[in-house]
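Note sheet for the following structure.
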Amino acid sequence: MGISGLLPALKSISAQKHLSEFAGQTLAVDAYVWLHRGVFTCATELATGKDTHKYVDYAMHRVRLLRHHNIEPYVVFDGGPLPAKKGTEVDRQAKRSEHLALGKALAAQGKTSQAREHYVKCVDVTPQMAFQFIKALRAENVPYVVAPYEADAQLAHLERVGLVDGIITEDSDLLVFGCRKVLFKMDAVSSTAVCIDRADFGSVNTDGITLAGWSDTQFRAMAILSGCDYLPSINGIGLKTACTLLRKWKTVEQVLRAIALEGKKSIPRKYLQSFRLAEKCFKHQRVYCPLQQKLVHLGQPDADWDEESDEYVGPDLDPALAKMLGEGDLDPVTLLPMTDINPRYVPRVLKPLPMNGANRNKGKGKASTILNFFGPAAPRKITASPKSAKTNMIVGKASGKRSLAAEMDHDMAVKRKNGAGPVLTQSRFFGVPRAAPEPEVQIAGPSSSKGLKENVPLEEEDLDVETDLEADLDWDSCSLVALPDREAKIVELEEMDNGVEQEEGYISPTPSRTRDAEDLSSPLRPGDVTPPPKKRIKRECPNSDPDFEADAVSSPPEAMGPYRARLPASVIGHSPSRDGAILVDASPDPPRTVLVGPDLRDTFDDTRTSDIDCFDDEEDEQTPTSTPTPPTPDEEDASGDLVLVDPEELEQRANASRAEAVAAGWRNTWALNGKATVKGKGRETPTAASNLRRRETNVTPAGRHLPINAHLRPHPYLPTSVPSSKNASKPLRSRQSLTFLDPVRPKAPRGRVSDGVTSVVDVDEDEDAVARAQARLARFRCPGMP
DNA sequence: GACTCCAACACAT
DNA sequence: TGTTGGAGTC
Ligand SMILES: [Mn+2]
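When we follow the UniProt record's numbering, the leftmost residue of the first sequence carries the number 1, and every step to the right adds one.
Here it is, written out as C-alpha cells:
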C-alpha cells in the first residue's frame with residue numbers, strides 16, 4: 001500500500017532528474033518493481049506454466065541501463081512476510097485462480113488477448129522468479145541482497161550504512177523508513193526518475209501540507225496515523241488531517257486525545273499500542289546486514305523494547321541461515337533451499353569470474369554451501385577484520401560472483417570504518433527553506449547524443465545467445481551457477497567479439513549525505529569530507545556498437561575495480577545517523593506540551609509509561625514551550641464513551657483464522673510432500689496456480705517445494721545474545737533465535753532433480769534442522785497480535 | 001469545499 | 001505499488 005497520498009503531497013519537492021545525474025553512485029533497487037512490470041511481458045507464459053525469463057530480461061535491461069549511466073545498482077529482493085502484515089492472502093488466492101480459469105477458458109476459445117487480461121491478474125512474483133533474476137545478477141556481477149522481511153527496510157538499511165547512495169522504488173514507504181534520497185517512477189525510455197530528497201522536507205508546501213521543523217518521528221507519525229501497511233487509520237483520518245493534527249498537537253498522544261475529545265471519530269482500543277508497534281516496524285525492522293552477515297535491526301532498539309516487539313519487527317534468524325537467505329540460496333518464505341524453476345535459463349556470463357581457490361569447486365561442489373554452513377569454520381561472527389571474511393566467505397556454487405559482492409561489501413565496511421569522521425552536527429528537524437531556493441538543473445540532458453542514441457534500439461540478440469547456451473549445456477547434475485568450463489569458453493569468445501574496455505580508474509564518490517538544505521542542490525561540494533568528485537569518466541565504447549546492453553562485458557576480470565570505484569560517498573566520511581534523522585540546520589524547537597487531560601486508557605494503553613513519552617527516545621528533544629492548550633481535565637469523563645469500537649474480539653478472531661490458515665498451509669505442504677515422497681515425485685505440475693504467490697503470503701501453498709522427507713516437530717531453542725545497543729541504558733532481554741541444536745554432519749551431497757526443478761542448495765541432511773527452523777519461523781510469523 | 005474512501009485501472013509491446 | 005475518478009461525509 002504505502003502511504004496513500006504521500007507522493008502527491010510531496011510533489012513540491014519532487015524533481016525529475018536524469019539518471020546521468022547519479023553517475024558514479026550506487027543506487028539500491030527495489031527488485032519487486034521491475035519484476036512486477038516484467039511480468040507483463042510474459043503473463044501468458046507464466047500463467048500457463050511455460051518456461052520463460054522475459055521478466056528477467058526486462059529487469060536486466062534496467063540494470064544495464066543504470067550501468068550505462070555509470071550507476072551501480074544494488075538490487076534488493078523481498079523476503080518473508082512480517083508478522084505485522086495481515087494475511088489477506090486467502091481471498092487473493094481465490095481471485096487469482098478465478099482469473100486463471102477465466103484466462104484459460106478464453107484462451108481455449110482463441111481469444112488470446114482477452115485471456116491475457118486475466119492472466120495478468122493471476123500472476124505474481126514469486127521468490128523462485130526472483131531467483132531467476134538473481135541468476136542473471138550473479139552472471140553479471142551485480143550486487144544484490146534478499147531481505148529477510150520487507151525490501152523496504154532492507155533498502156533503507158543499505159542507505160543507512162552507506163552501501164548505497166539512494167534508492168530506486170515506487171513505494172512511498174521508503175520515505176517513512178527514513179531514506180534520504182529516493183527515486184520514483186524511473187523511466188527507462190527517458191532515463192529519468194522523480195527524485196525526492198529528504199533534505200527538502202523542510203520546504204514542502206503542497207496543498208496545505210507542511211513539514212518545516214518536523215522531526216523524522218513526526219513525519220513517521222503522520223504516515224502511520226494516515227494509515228500504513230502495519231496499521232489502518234482511524235476512520236476519517238487521512239494524510240491531511242494527520243498532518244494538521246500533528247502540526248497542532250505535536251505528539252501522537254495529544255493528537256489522539258484531541259480526536260477523542262472531539263468525539264466524532266472512534267479510536268480503536270489500544271490504538272496507541274498498535275501505533276507503537278507499527279512505529280517499530282518502521283524504525284527497527286530486521287534486515288540483513290551484508291557487512292555483518294547477520295540480521296540486524298534497521299535502527300537499534302532502545303527503551304521500550306520487549307520480546308513482543310522483537311518478534312513483531314521480524315524474528316531473528318541464525319546468522320548462517322540469514323546469510324544463505326540474504327544471498328539468495330533460500331526461499332525466504334519457507335526457508336527451504338531455493339528452487340530453480342527454470343534451470344534451462346542460464347544467464348549469459350559476460351566474463352569469466354575470478355575465483356580464488358576456495359571457490360574453485362564449481363561444477364561439483366553441491367554441498368559446499370552446506371559444508372560451509374555446518375562445517376567447523378562455518379558460522380562465525382564477522383568482526384572488524386575483512387580478512388576472515390574473505391577466506392571464509394564462500395557460498396558454494398554461487399562462487400565468485402557472490403564472494404565478489406561480499407568482498408565489495410567488506411571493502412566498503414573497511415573504508416567506512418577507516419573513514420568514519422566526526423559526526424556532523426545535524427538537526428533532527430526538517431529545515432525551513434532558507435535563502436534563495438537553489439536553482440536546480442533538471443533533466444540536464446546528459447552530455448550527449450550518445451545517451452539518447454544508446455537508449456533507443458535495444459537488440460535482443462542476447463536471447464539467442466542464451467538459447468544456444470541452453471541447448472548446449474547440460475544442467476542435469478549441476479546447479480546453474482556452477483558453470484561448466486565450456487561456458488567460460490563461450491564467454492571468452494563473446495568477449496572477443498564485443499570486447500569493450502572499461503577504465504579501471506577510481507571514481508570519486510560523491511558526497512551523498514546532506515547536512516543542510518544546500519547540499520542537495522549541489523551534490524558536489526568542495527571541501528567536503530570526500531574528495532570533490534570529478535564527473536565520472538564515462539565508459540567508452542570503442543566499438544561501433546553503442547548498445548549499452550553490451551556494456552557488461554566490459555568489466556575487467558579484476559572486477560573489484562568497478563566496485564570499489566562505486567563506493568558510495570557516504571561510506572567514507574560519515575557515520576550513519578541513528579534513526580535516519582535528518583539533518584538540516586536547526587529549526588525552531590518544537591514546543592512541548594504537557595499532557596494533561598482525560599484518561600484515555602482504552603485508546604492509549606493501560607500500561608503506558610509516561611504521558612509524555614510521546615516523542616520517543618532520544619530522537620526528539622523538545623524544549624518545553626507554550627503550545628495549543630491541552631484539553632482541560634473536566635472534559636475527561638467524556639473520553640471513555642468515545643470508544644465505540646471494540647476491535648479486540650474481532651482481532652482475536654482474525655488472528656485465530658490467520659493462524660489456522662498458516663497452519664493449514666504448513667500442513668498441506670508437508671502432507672503433500674509426504675505423499676509425494678511415496679510417489680517419488682512431489683512436485684505437482686507447475687500449474688499457474690501453484691506458481692503464483694503474492695509476496696505477502698502468509699500461507700505456504702503446497703506444491704512449491706521439493707519433496708523433503710522431513711516432518712515438523714517441536715523443538716527447543718536457545719536464547720542468544722542481543723546486539724549491544726550503545727545507547728541502551730538498560731540491558732535488553734535476551735532474544736530468541738533460530739538455532740540448530742543438534743550437531744549436523746553433512747553427508748555426501750547429491751543433486752536432486754524432479755520435474756525439471758533443481759534444488760540449488762542441497763540440504764537433505766539438514767532437513768531436520770531446516771524443519772525446526774521453519775517451525776520456529778512459522779510460529780514467529782504468525783504470533784498472536786497485541 | 002475539503003477530505004476520505006473505494007473501486008477500477010495501469011504496469012509491457 | 002501508484003493513480004484516477006466518483007461517491008460519500010463533515
Ligand atoms: Mn511498503
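Where a beta carbon is used, it is the ideal one built from N, C-alpha and C, also for glycine. Since we're looking at a predicted model, the values are computed, not measured.
Distances from the CB of Glu-279 to the heavy atoms of ligand 1 are all 7 Å or more. Under the DSSP definition of a beta bridge, Cys-122 lacks any partner.
Per DSSP, Asp-310 is one residue of the alpha helix (DSSP H) stretching across 307-312. The region 316-335 makes contact with the region 72-82: 3 or more CB pairs, one atom from each, lie closer than 8 Å.
For Glu-21, there is no enclosing alpha helix (DSSP H), as DSSP marks it with neither H nor E. Within 10 angstroms of the beta-carbon of Ala-94 lie fewer than 16 other beta-carbons, which makes it exposed. Under the 10 Å beta carbon count, Asp-316 is surrounded by 16 or more other beta carbons and is classified as buried. Sixteen is the threshold: when 16 or more other Cβ atoms of the shown chains lie within 10 Å of the Cβ of Asp-340, as they do, the residue is buried. Gln-109 is classed as exposed because its beta carbon has fewer than 16 other beta carbons within 10 Å across all chains shown.
Met-186 carries a strand assignment under DSSP once its states are collapsed to helix, strand and coil.
The set of residues with any CB-heavy atom separation to ligand 1 below 5 Å comprises, in chain order, Asp-152, Asp-171, Asp-173. The DSSP-derived three-state label of Arg-286 is strand. With respect to the C-alpha of Thr-126, the residue from Asp-171, Tyr-55, Val-313 having the closest C-alpha is Tyr-55. Distances from the CA of Glu-253 to each of Gly-49, Leu-239, Leu-225 were compared; the closest alpha carbon is that of Leu-225. Taking C-beta atoms as the reference points, His-99 and Cys-289 fail to come closer than 8 Å. Listed in chain order, the non-local C-beta contacts of Lys-181 below 6 Å within the same chain comprise Gly-166, Asp-197, local neighbours out to five positions each way being set aside. Sorting Arg-64, Val-63, Leu-66, Gly-38 by C-alpha distance to the C-alpha of His-53 places Gly-38 at the top. Going by C-alpha positions, Gly-328 is about 7 Å away from Val-145. Under the DSSP assignment, Ile-134 falls in the alpha helix (DSSP H) whose first and last residues are 127-139. Straight-line measurement puts the Cα of Val-346 at about 18 Å from the Cα of Glu-45. Within a 10 Å sphere around the beta-carbon of Ala-105 sit fewer than 16 other beta-carbons, which makes this residue exposed. Ranked by Cα distance from Phe-22, the options Val-287, Gln-273, Val-164, Ala-242 are led by Val-164. Rounded to whole angstroms, the gap between the alpha carbons of Ile-267 and Asn-235 is 8 Å.
In the structure shown, Val-33 falls within a helical segment according to DSSP collapsed to helix, strand and coil. Ser-113 counts as exposed, since fewer than 16 other beta carbons sit within 10 angstroms of its beta carbon. Val-161 is classed as buried because its beta carbon has at least 16 other beta carbons within 10 Å across all chains shown. Taking the CA atoms as reference points, Phe-131 sits about 40 Å from Gly-202. Asp-171 has its alpha-carbon roughly 9 Å from the corresponding atom of Val-33. The DSSP-derived three-state label of Ser-14 is strand. Annotation: the continuous beta strand (DSSP E) that includes Cys-195 extends over 192-197. For Gly-314, same chain residues with a beta-carbon under 7 Å away, outside a window of 5 residues either side, are Leu-82, Pro-148, Tyr-149, Gln-285, Arg-286 in chain order. For Glu-72, the enclosing beta strand (DSSP E) covers residues 72-77. DSSP, read as helix, strand or coil, puts Pro-343 in coil. Leu-35 and Glu-262 have their C-alpha atoms spaced approximately 46 Å apart. With contacts defined as CB atoms closer than 8 Å, Tyr-119 and Ala-59 fail to qualify as a contacting pair.
With respect to Asp-207, Ala-15 sits apart: the two C-beta atoms are not nearer than 8 Å.
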